[in-house]
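Chemist: To start, I am sharing the structure in question, which I have written as structure tokens.
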Amino acid sequence: MTQLPRLLTIMQQLRDPQTGCPWDIEQTFASIVPHTIEETYEVADAILHGDMYDIKDELGDLLFQVVFYAQLAKEQGEFEFDDIAQAISDKLVRRHPHVFDKQSQMSQESLALQWDAIKQQELKNKGQEADDSALANIPKGLTPLLRANKLQKKCAKVGFDWPELPPVVDKVHEEIEEVLAEVNANEVNQGAVEEEIGDLLFAVVNLARHAKVNPEMALIKANNKFEKRFRQVEKLLEEQGQDVTKASLEQMEAAWIKIKSC
């Protein structure tokens with residue numbers, strides 16, 4: 001951990017009102033949030049590509065986000081980096097009594113129930129009113145795909161879930177039909193179209209969950225695959241003397257099919 005004090009010192013220097021970096025000086029908790037989200041996805045992207053150098057580099061960028069928040073809080077007299085480290089250490093020990101209190105082996109189901117009970121107790125200890133809903137403690141800041149997945153998992157815990165795949169698939173088809181009905185209506189209601197597409201996306205997340213697939217990761221991989229193939233389409237068209245901006249849809253589709261078949 002010899003480099004951590006150096007990193008904290010660098011962060012403090014960047015925020016120095018007299019000699020620091022103008023950009024770093026003007027940042028606030030709120031202004032950094034988009035960068036934190038971006039860095040999180042860049043970590044995920046590096047891991048998907050399997051480049052250990054990039055993973056190390058991106059994890060450093062993500063750690064810098066935590067250090068930045070810690071410096072802002074220190075300046076406001078709220079907390080410091082060590083307080084963050086202590087808080088997460090205490091929480092991990094508190095939420096894993098089966099590890100640190102040497103309890104007997106517990107089933108996955110028992111561990112999940114214990115985890116939820118401990119989280120509810122933590123809220124009470126903070127003086128916050130416990131949320132007794134099955135949908136308690138789902139962060140609003142999650143991406144829509146992840147939040148949909150969390151909502152569905154919470155409902156599944158209390159039995160509000162299909163036990164088999166076929167009705168889940170049927171629901172996806174049903175939602176597609178409802179989207180088409182709104183799109184093809186004589187007078188298209190854009191709000192209704194948006195609502196039905198939202199229902200369709202929610203149903204697809206449910207399909208992913210039942211197939212034991214993380215919808216966020218599935219979409220990230222699909223985006224990467226699409227980007228890779230389209231770049232290959234551009235390259236192929238260029239080799240054929242075509243400019244992608246001037247190529248017809250038929251020419252691009254032919255190139256796409258050729259790339260996809262390779």
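Read left to right, the sequence shown gives residues 1 to 262 (UniProt numbering).
Glycine is no exception: its CB is placed at the ideal position from the N, C-alpha and C atoms.
Quantities reported herein were computed from a predicted structural model and do not represent experimental measurements.
1) With H, G and I counted as helix, E and B as strand and the rest as coil, what does DSSP make of V43?
2) In the UniProt domain "NTP pyrophosphohydrolase MazG-like" (27-100), which residue ranges form an unbroken alpha helix (DSSP H) of at least 4 residues, counting only runs that do not cross its ends?
3) Skipping 5 residues on each side, what residues in its chain have a beta carbon closer than 8 Å to that of E80?
4) Check this for me: beta carbons of D16 and F68, under 9 Å apart or not?
5) Got a sec? Which residues, its chain only, sit under 7 Å from N149 by beta carbon, not counting five neighbours each side?
6) Cα separation between I47 and V172?
7) Please classify L165 as buried or exposed, where buried requires at least 16 other C-beta atoms within 10 Å of its C-beta.
8) Rank L8, K212 and E234 by C-alpha distance to the C-alpha of D82 and give the top, closest one.
9) Taking DSSP as the reference, what is the three-state secondary structure of E175?
10) Three or more C-beta pairs closer than 8 Å, one from the region 213-230 and one from the region 42-57: is that the case here?
11) Taking the alpha carbon of G60 as the point to measure from, which residue in I259, V233 and T36 has its own alpha carbon closest?
12) Does the Cβ of E39 have 16 or more other Cβ atoms within 10 Å, making it buried, or fewer, making it exposed?
13) Excluding the five sequence neighbours on either side, which residues of its own chain have a C-beta within less than 6 Å of the C-beta of V179, listed in chain order?
14) So for P167, helix, strand or coil by DSSP?
15) When you compare the CB positions of L135 and C155, do they come within less than 9 Å of one another, or not?
16) Have a look at A181 and P167 and give me their C-alpha separation to the nearest angstrom.
17) So, is V233 buried or exposed, given that buried needs 16 or more other C-beta atoms within 10 angstroms?
Modeler: From the atom records:
1) helix
2) 29-49, 52-75, 81-95 and 97-100
3) A70, A73 and K74
4) no
5) Only V205, R209 and P215 meet the Cβ criterion.
6) 31 Å
7) exposed
8) L8
9) Judged by DSSP in its simplified three-state form, E175 adopts helix.
10) yes
11) T36
12) Burial of E39 is indicated by the presence of at least 16 other C-beta atoms within 10 angstroms of its C-beta.
13) E196, I197 and L200
14) Three-state result, P167: helix.
15) Yes.
16) 21 Å
17) buried
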